[in-house]
């Protein structure tokens with residue numbers, strides 16, 4: 008559009024095949040160790056069954072993308088974009104308590120009636136739409152003290168539409184990253200923060216029609232240091248998740264009290280890496 012301003016538009020037709028382990032015939036049954044009182048309670052799930060679906064078809068999608076990009080004279084870039092994915096035969100996780108008729112249909116023993124069965128199927132149409140923004144720029148315009156610093160920020164917001172059990176587990180509907188980089192005389196230091204919002208996974212009908220599994224929201228700080236001590240050799244040091252943010256999985260519905268929502272909570276520690284990098 009101008010020397011510094013660009014507009015882009017794109018269209019793509021795509022498809023995605025299921026993984027092999029999702030279409031190879033297989034039945035996995037996990038029976039819970041329950042006492043007689045629990046087994047007599049109709050609200051208690053006695054076990055879990057996973058059925059593979061050999062008839063699972065690939066999904067297809069029409070993808071539309073637009074973006075506006077502005078490049079500054081100082082080497083920075085500002086971008087805003089939008090996208091839409093119209094999907095057919097989208098995958099869904101069918102999760103429900105098995106009935107006597109379904110047990111017979113699947114060739115299962117009648118004693119498995121009441122178990123929770125999970126299988127993957129094609130659930131028709133789905134839509135993924137959203138917007139993203141990003142910026143990267145030097146702080147040099149603020150003065151000579153800032154010429155060694157640059158900052159960046161990017162964010163993506165999605166709207167996920169489809170069947171209640173549509174498998175959107177691979178999508179994070181709200182994610183952001185930001186950071187600052189310092190560069191001077193062969194030394195580069197970068198601090199990067201990554202925030203991901205709560206991610207909805209498979210349905211969990213035992214907690215009601217709106218019961219789901221989730222991956223909890225979290226923020227990680229990563230630090231990277233690189234020192235070029237010769238033309239061919241450099242030293243690097245990386246630290247991931249510096250503050251050891253906890254990773255939580257959640258399971259809840261609208262009637263679940265706050266204290267009962269956390270399913271697992273784990274700390275994996277800070278991951279450190281160091282070494283020497285060379286080119287010859």
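In this note's numbering, the protein residues as written are 8 to 287.
Note that the Cβ used here is the ideal one computed from N, Cα and C, for glycine as well.
For the alpha helix (DSSP H) containing residue i, name the first residue and the last one.
i          : result
residue 45 : 43 to 47
Looking only at its own chain, which residues have a Cβ that is under 7 Å from the Cβ of residue i, when we skip the five neighbours before and after it?
i           : result
residue 13  : 76
residue 244 : 232 and 281
residue 147 : 81, 153 and 154
residue 63  : 25, 29, 30, 127, 128 and 129
residue 252 : 225, 226 and 227
Between residue i and residue j, how many whole angstroms is the CB-CB distance? I'm expecting something under 8 Å.
i           : j           : result
residue 138 : residue 120 : The Cβ separation is near 47 Å, so there is no contact.
residue 136 : residue 90  : 7 Å
residue 41  : residue 51  : 7 Å
residue 100 : residue 210 : 7 Å
residue 204 : residue 179 : 6 Å
residue 97  : residue 131 : 7 Å
residue 200 : residue 228 : 5 Å
residue 134 : residue 93  : 6 Å
Buried or exposed, going by whether 16 or more other CB atoms sit within 10 Å of the CB of residue i?
i           : result
residue 149 : exposed
residue 46  : exposed
residue 262 : exposed
residue 19  : exposed
residue 172 : buried
residue 165 : buried
residue 73  : exposed
residue 283 : exposed
Checking the sheet assignment: what are the DSSP bridge partners for residue i?
i           : result
residue 206 : 222
residue 74  : 15 and 88
residue 283 : 242
residue 8   : BP columns for residue 8 are empty, so no partner.
residue 186 : 159 and 199
residue 22  : 67
residue 136 : 91 and 166
residue 36  : 56
Between which two residues does the beta strand (DSSP E) containing residue i stretch?
i           : result
residue 111 : It is not in any beta strand (DSSP E) - residue 111 instead sits in the alpha helix (DSSP H) that spans 107 to 112.
residue 56  : 54 to 58
residue 152 : Careful: residue 152 lies outside any beta strand (DSSP E) and carries neither H nor E.
residue 259 : 254 to 259
residue 98  : 98 to 104
residue 130 : Premise fails: residue 130 is in no beta strand (DSSP E) and is neither H nor E.
residue 173 : Note, residue 173: premise wrong, no beta strand (DSSP E); not H, not E.
For residue i, I'd like the list of residues in its chain whose CB is within less than 6 Å of its CB, leaving aside the five on either flank, ordered along the chain.
i           : result
residue 202 : 183 and 226
residue 36  : 56
residue 140 : 87 and 162
residue 145 : 81 and 157
residue 38  : 54
Under the criterion of a Cβ to heavy atom distance below 6 Å, does residue i qualify as lining the ligand MG?
i          : result
residue 32 : Ligands in the displayed structure: none, and consequently the ligand MG is not present.
In chain order, what residues of the same chain lie with their CB nearer than 8 Å to the CB of residue i, ignoring the 5 residues before and after it?
i           : result
residue 189 : 155, 156, 195, 196 and 197
residue 257 : 205, 220, 221, 222, 223, 268, 269 and 270
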